[in-house]
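Chemist:
Number of protein chains: 2
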Amino acid sequence: MKDRAETRTLAGDAYAVIHRAIRSGLLKPGQRLRFAELQALCGMSVSPVREALVRLTAEGFTVSDDHRGFSVAPLSVAELLDIVATRKLLEGEALRLSIENGDSEWEGRLLAAHHMMSRLPRERDDLPTAIREDWDLRHADFHRILISACGSPILIELCEKLFVRADRYRRLSVSVPKQDRDVVREHERIMSCAIDRNAEEAVAALKDHYQRTADAVQRLFEMQEAL
Amino acid sequence: MKDRAETRTLAGDAYAVIHRAIRSGLLKPGQRLRFAELQALCGMSVSPVREALVRLTAEGFTVSDDHRGFSVAPLSVAELLDIVATRKLLEGEALRLSIENGDSEWEGRLLAAHHMMSRLPRERDDLPTAIREDWDLRHADFHRILISACGSPILIELCEKLFVRADRYRRLSVSVPKQDRDVVREHERIMSCAIDRNAEEAVAALKDHYQRTADAVQRLFEMQEAL
DNA sequence: GAGGATAGGATTTTCGAAAATGTCGGTGCC
DNA sequence: GGCACCGACATTTTCGAAAATCCTATCCTC
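Written out as structure tokens, the structure reads:
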């Protein structure tokens, strides 16, 4: 049961495979990407692989240097902070709008999504990959639904892109030891404020949630740097 | 002196050519894009053309339907309003940050950019293309510089993308007759508030500026619909 | 030895054709 | 008549190799 997904084109498959390889860390930040290797990884010719890289580059997962090839986009504290600051702005506003516009069907979906997530153990290093990926999926769903009623397709699209762009950093945060946070509780608070239509509190809770993740990852970076 | 720009790859040229053709209206919203035609237009083989289309699709200028080809992204009032609302949010915040962080060198660049723009006649339908394009460039520069000191590369990147995405609509607004606006004055007001470090007023002026353009285009849409 | 030119190999980029897929109209069956 | 099936054509997608470009190591000159 391979994850990569019989999309309708090989290029789509290649995109999925490489995207996953980058997010999972199989392809490391900064690593040079050679066509020969990627073709072997994806099991296809150069054209769809190149197409996938072009798409990934447009989304910031890889960088391209004309005639010199592609490489995995590097990670940095600066980018992390920038992503988080921008997400606070965008998702904060999107959540505010969702609370304004969302109907009870939205509330229901939100409750359901949170329930699905809270039934699974919180992400940890030592969990099997399958469970962690399941948690990731549900976590992503929760945040997606949170802003889904904002009424602005562009805002949703931008938030989605920043969410996946933050993913590599988020995975890092999982391996930060002894964080004094209760992630389930954080999500719960966002949700209950939202359902209470308390926009200010909900947005504050969401921003706080992001900031905590950012702080954890930043500590990790600084620890690594100290080596 | 062809505009399209001996970039370092043919795909880059193709991107520039098609991008320009879409923005100029040579390729119309919704129009089906056949490889044969684009290859003739760009004077190259299918591979670089396809790469250009993939990039354009990632940026929202074209849409792709697997195995059925690409087409120019359609225009709609809904998208226009969404773009404007999102730009108000993003550029508003970016401007606020720029005012907070910008130094006097930034002020200088802003003054210069505004001067460059105001020396050219305001865009009008009947002006030669070259002058209009020159105005476009300077106008883009002004807005770019306005937010350039915000300190957030991601915010800048997102604003830039929305700016070009708004371009097709902006061109429409030029052909709206007898608008009671003074566009030069509007820019001037934004700039002077910014230099006075009056963030609130500057942001309000910027948002107002965008809203006026949106209103003009929306009227145009409604007129066309009434036909 | 330093620095610059250069040949050879490695890699990306582009091409032209083959393969895959979609489209459209016609044919036969109910 | 309506509808599913089939086949020819149009178009996109993918392939494998050629062309273009970059990198590296070597040689030559000073």
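So the sequences go chain by chain: A and B.
Just so we're aligned: 144 in the numbering used here is position 144 of the first sequence, and the numbers increase by one with no gaps anywhere.
Just so we're aligned: 293 in the numbering used here is position 66 of the second sequence, and the numbers increase by one with no gaps anywhere.
Where is the CB? At the ideal position from N, CA and C, for every residue including glycine.
Please read all numbers here as calculations on a predicted model, not as lab measurements.
Return the CA-CA distance between B/R475 and B/G257, expressed in angstroms with no decimal places.
Modeler: What is shown of chain B runs 228 to 454, which leaves residue 475 of chain B out entirely.
Chemist: For A/D136, report the span of its beta strand (DSSP E) as first-last.
Modeler: Residue numbering aside, residue 136 of chain A sits at position 136 when the first sequence is read from its first letter. Here A/D136 belongs to no beta strand (DSSP E); instead the alpha helix (DSSP H) covers T129 to I147.
Chemist: Output yes or no for whether 8 Å exceeds the beta carbon distance between A/E91 and A/I22.
Modeler: On the first sequence, residue 91 of chain A is found 91 positions in, with the first residue counted as 1. On the first sequence, residue 22 of chain A is found 22 positions in, with the first residue counted as 1. No, they are not a contact pair.
Chemist: Using alpha carbons as the reference points, say which of B/L280, B/R392, B/E320 and B/S331 lies closest to B/E428.
Modeler: The residue you call residue 428 of chain B lines up with position 201 of the second sequence. The candidate whose alpha carbon is nearest that of B/E428 is B/E320.
Chemist: Counting C-beta neighbours from all protein chains within 10 Å, is the total for A/A14 16 or more, i.e. buried, or is it exposed?
Modeler: By 1-based counting over the first sequence, the position of residue 14 of chain A is 14. Buried, since its Cβ has 16 or more Cβ neighbours within 10 Å.
Chemist: Please say whether A/Y169 and A/V231 have beta carbons closer to each other than 8 Å?
Modeler: Outside the displayed span of chain A (1 to 227) sits residue 231 of chain A, for which this structure offers no information.
Chemist: Is there a Cβ of chain B sitting closer than 8 Å to that of A/A16, yes or no?
Modeler: Here residue 16 of chain A refers to the residue found at position 16 when the first sequence is read from its first residue. So, not an interface residue.
Chemist: Once you ignore the five residues that flank B/L389 on each side, which residues in its own chain have a CB closer than 7 Å to its CB?
Modeler: Taking the second sequence and counting its residues from 1, one reaches residue 389 of chain B at position 162. The answer, listed in chain order, is I310, T313, R314 and L317.
Chemist: Do B/R365 and B/L338 have their C-beta atoms closer together than 8 Å?
Modeler: Position 138 of the second sequence, counted from the start, is the residue given in the question as residue 365 of chain B. Position 111 of the second sequence, counted from the start, is the residue given in the question as residue 338 of chain B. No, these two residues do not count as a Cβ contact at 8 Å.
Chemist: With which residues is A/G60 paired in a DSSP beta bridge?
Modeler: Position 60 of the first sequence, counted from the start, is the residue given in the question as residue 60 of chain A. A/G60 is not bridged to any residue.
Chemist: For chain B, check one thing: does any of its Cβ atoms lie closer than 8 Å to the Cβ of A/D167?
Modeler: By one-based count along the first sequence, residue 167 of chain A stands at place 167. It does not; no Cβ of chain B falls within 8 Å.
Chemist: Return the residues of the segment 67-97 of chain A that lie within a Cβ-Cβ distance of less than 7 Å from chain B, sorted by chain order.
Modeler: The segment 67-97 of chain A vs chain B, Cβ under 7 Å: H67, D82, I83, A85, T86, L89 and E93.
Chemist: Can you tell me where the alpha helix (DSSP H) holding B/V299 begins and where it ends?
Modeler: Position 72 of the second sequence, counted from the start, is the residue given in the question as residue 299 of chain B. Run containing B/V299: none in the alpha helix (DSSP H); it sits in the beta strand (DSSP E), G296 to V299.
Chemist: Please determine if the segment 207-224 of chain A and the segment 185-197 of chain A are in contact, where contact requires at least 3 C-beta pairs separated by less than 8 Å.
Modeler: The segment 207-224 of chain A, when compared against the segment 185-197 of chain A, does touch it at the 8 Å Cβ threshold.
Chemist: Roughly how many angstroms separate the alpha carbons of A/E160 and A/A226, rounded to a whole number?
Modeler: For this step, residue 160 of chain A is matched to residue 160 along the first sequence. For this step, residue 226 of chain A is matched to residue 226 along the first sequence. Their backbone Cα atoms lie some 33 Å apart in a straight line.
Chemist: Does the beta carbon of B/S274 sit closer than 8 Å to a beta carbon anywhere in chain A?
Modeler: The sequence position of residue 274 of chain B within the second sequence is 47, counting from 1. Yes, B/S274 lies at the interface with chain A (some Cβ there is under 8 Å from its Cβ).
Chemist: Which residue from A/A113, A/S152 and A/D182 puts its Cα closest to that of A/D141?
Modeler: For the purposes of this step, residue 141 of chain A is identified with residue 141 of the first sequence, where counting begins at 1. Answer by Cα proximity: A/A113.
Chemist: Please classify A/D66: does DSSP put it in a helix, a strand, or coil?
Modeler: Translated into the one-based positions of the first sequence, residue 66 of chain A becomes position 66. Reduced to three states, the DSSP call for A/D66 is coil.
Chemist: Is the Cβ of A/R189 closer than 8 Å to any Cβ of chain B?
Modeler: Within the first sequence, numbered from 1, the residue matching residue 189 of chain A stands at position 189. No, because no Cβ of chain B sits closer than 8 Å to the Cβ of A/R189.
Chemist: Quick check: does the Cβ of B/C420 come within less than 7 Å of any heavy atom belonging to the ligand PLP?
Modeler: With respect to small molecules bound, the structure shown includes none, and the ligand PLP cannot be examined in it.
Chemist: Would you mind reading off the limits of the alpha helix (DSSP H) that contains B/D528?
Modeler: Because chain B here runs from 228 to 454, residue 528 of chain B falls outside it and cannot be looked at.
Chemist: Within 8 Å of any Cβ in chain B, is that where the Cβ of A/E107 sits?
Modeler: What you label residue 107 of chain A is simply residue 107 of the first sequence in a count that begins at 1. No, A/E107 does not count as interfacial toward chain B.
Chemist: Got a sec: is the Cβ-Cβ distance from B/I249 to anything in chain A below 8 Å?
Modeler: Here residue 249 of chain B refers to the residue found at position 22 when the second sequence is read from its first residue. It does not: the Cβ of B/I249 has no partner Cβ on chain A nearer than 8 Å.
Chemist: Check whether chain B comes within 8 Å of A/P29, counting only Cβ atoms and requiring the distance to be less than that.
Modeler: As a working note, residue 29 of chain A is residue 29 in the first sequence. Chain B, which has no Cβ nearer than 8 Å to the Cβ of A/P29, makes this no.
Chemist: Spatial neighbours of A/S64 within its chain, please: C-beta separation below 6 Å, excluding the five flanking residues on both sides.
Modeler: Taking the first sequence and counting its residues from 1, the one referred to as residue 64 of chain A is at position 64. So the qualifying residues of the chain are T57 and F70.
Chemist: In the DSSP assignment, what are the bridge partners of B/R259?
Modeler: Within the second sequence, numbered from 1, the residue matching residue 259 of chain B stands at position 32. Looking at the DSSP assignment, B/R259 forms a beta bridge with B/S298.
Chemist: Quick check: what's the CA-CA separation for B/E264 versus A/T9?
Modeler: For the purposes of this step, residue 264 of chain B is identified with residue 37 of the second sequence, where counting begins at 1. For the purposes of this step, residue 9 of chain A is identified with residue 9 of the first sequence, where counting begins at 1. The straight-line gap from Cα to Cα measures roughly 23 Å.
Chemist: Give a yes or no on whether the C-beta atoms belonging to B/T356 and B/S400 are separated by under 8 Å.
Modeler: For the purposes of this step, residue 356 of chain B is identified with residue 129 of the second sequence, where counting begins at 1. For the purposes of this step, residue 400 of chain B is identified with residue 173 of the second sequence, where counting begins at 1. No, the Cβ-Cβ distance between B/T356 and B/S400 is not below 8 Å.
Chemist: I need the DSSP call for A/C150, collapsed to helix, strand or coil.
Modeler: The residue labelled residue 150 of chain A in the question sits at position 150 within the first sequence. Note: A/C150 maps to coil in three-state DSSP.
Chemist: With the cut-off set at 8 Å, would you say B/R261 and A/V54 are in Cβ contact?
Modeler: The sequence position of residue 261 of chain B within the second sequence is 34, counting from 1. The sequence position of residue 54 of chain A within the first sequence is 54, counting from 1. Result no, Cβ atoms of B/R261 and A/V54 do not sit closer than 8 Å.
Chemist: Which class does B/R346 belong to by DSSP, given the choice of helix, strand or coil?
Modeler: For the purposes of this step, residue 346 of chain B is identified with residue 119 of the second sequence, where counting begins at 1. DSSP places B/R346 in coil when its eight states are reduced to three.
Chemist: If you reduce the DSSP assignment to three classes, tell me which class B/N328 lands in.
Modeler: Position 101 of the second sequence, counting from 1, holds the residue named residue 328 of chain B. Of the three classes helix, strand and coil, the one that applies to B/N328 here is helix, per DSSP.
Chemist: Nearest by alpha-carbon distance to A/R219: which of A/A16, A/P177, A/A166 and A/A199 is it?
Modeler: Counted from its first residue, the first sequence places residue 219 of chain A at position 219. Among A/A16, A/P177, A/A166 and A/A199, the Cα nearest to that of A/R219 belongs to A/P177.
Chemist: In whole angstroms, give me the CA-to-CA distance for B/S274 and A/V183.
Modeler: On the second sequence, position 47 is the one that residue 274 of chain B refers to. On the first sequence, position 183 is the one that residue 183 of chain A refers to. Cα to Cα, B/S274 sits roughly 47 Å from A/V183.
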